[in-house]
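Visitor: Take a look at this one; I'll ask things after.
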Amino acid sequence: MTDLVTFCRHHQFRPALCLFVHLLGQVNYHPPSSSEYQSFLAALDNDQRKATLVQKSVSTMVRYAPNARTSFAFALFALKDLGCVRDENLDNTLLINLIYVCKLEHTPLAMDQALKLVKDGVKRGLTKPRVVDAKDKLNEKYREPHTAFISVSRSVASYFHMEIDCQNHALVSQRPR
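So in my numbering, the last spot in the sequence shown is 191, and the numbers never skip.
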């Protein structure tokens, strides 16, 4: 996993993609159209460590994809073909990473898509912190998406002369200054 992140951070997407495909082989991935898909799902269901590795890897590929189109393709793959590892944390992470990639691309089309994703995140309640007990905070799977969502969404909202109202958990027009 560390090598995957390193390749991605250094904009070496082709070796990262090779590692990702290798990882899928390690967890015995089979596409939904194959007869072995059900055994793949069962294996991931029974091995939380492998499931977490797949979640982190696909999130990394979405985050560091060379463009928004590739990023969306990885997100779609995660949502359709890796349903067994889907949970609220993965969905939120994918959403935040997609906003980030669209924001980086910064074309009118990408920014429109980012705004739609920001609106979806606001509807999901990502503008408010979750109430979590102390033992869950120690859990490796615990992540607070609120801060990351606000951080990546601010510039998208600003691009459209809007802001995130954290008090009312809404996207609103910017007030004149």
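Here a beta-carbon is modelled for each residue, glycine too, at the ideal position from N, C-alpha and C.
Keep in mind that this is a model prediction, so the values were computed, not measured.
1. Specify the secondary structure class of E50 as computed by DSSP and reduced to three states.
2. Which residue comes first and which comes last in the beta strand (DSSP E) that contains A184?
3. So, at 6 Å on beta carbons, what are the nonlocal neighbours of M75 in its own chain, with the 5 sequence-adjacent residues on each side left out?
4. Take F54 as the anchor and find which of C98, L104 and E119 has the nearest alpha-carbon.
5. Using three-state DSSP, classify K149 as helix, strand or coil.
6. What three-state label does DSSP hand E102 in the structure shown?
7. What are the complete alpha helix (DSSP H) segments, minimum 4 residues, inside the region 69 to 102?
8. Which of helix, strand or coil does DSSP assign to E192?
9. So, is G135 buried or exposed, given that buried needs 16 or more other C-beta atoms within 10 angstroms?
10. Considering only the beta carbon of each residue, do K130 and L185 sit closer than 8 Å?
11. Should C32 go down as buried or exposed, given a rule of 16 or more other Cβ atoms within 10 Å for buried?
12. Around the Cβ of T20, are there at least 16 other Cβ atoms within 10 angstroms (buried) or fewer (exposed)?
13. Checking 8 Å against the spacing of the C-beta atoms, do N12 and L67 come in under that value?
14. For D17, report the span of its alpha helix (DSSP H) as first-last.
15. Hey, out of L96, G39 and R83, whose CA is closest to D59's CA?
16. For D61, which three-state DSSP category applies?
17. Tell me which residue opens and which closes the alpha helix (DSSP H) that H36 is part of.
18. R144 to V166, Cα distance in whole Å?
Guide: Walking through what the data contain:
1. Residue state, collapsed to three classes: coil.
2. Unbroken beta strand (DSSP E) run through A184: A184 to S187.
3. Correct list, in chain order: F34 and F88.
4. Ranking C98, L104 and E119 by CA distance to the CA of F54 puts C98 first.
5. Its pLDDT being 49, under 50, K149 is placed unreliably in this model, and the coordinates cannot settle the point.
6. In the structure shown, E102 sits in a helix (DSSP, three-state: H, G or I).
7. Annotation: the region 69 to 102 contains the following complete segments of the alpha helix (DSSP H) (minimum length 4 residues), in chain order: 82 to 95.
8. Here the chain covers residues 15 to 191 and nothing more, so residue 192 does not appear.
9. By the neighbour-count rule (16 or more Cβ atoms within 10 Å), G135 is buried.
10. No.
11. The residue is exposed, with fewer than 16 neighbouring Cβ atoms inside 10 Å.
12. It counts as exposed.
13. Residue 12 is absent from the model: the chain starts at 15 and stops at 191.
14. Its alpha helix (DSSP H) spans residues T16 to R23.
15. Taking only the C-alpha atoms, the option nearest D59 is L96.
16. Reduced to three states, the DSSP call for D61 is coil.
17. Where H36 is concerned, the enclosing alpha helix (DSSP H) stretches over F27 to Q40.
18. C-alpha separation (whole angstroms): 18 Å.
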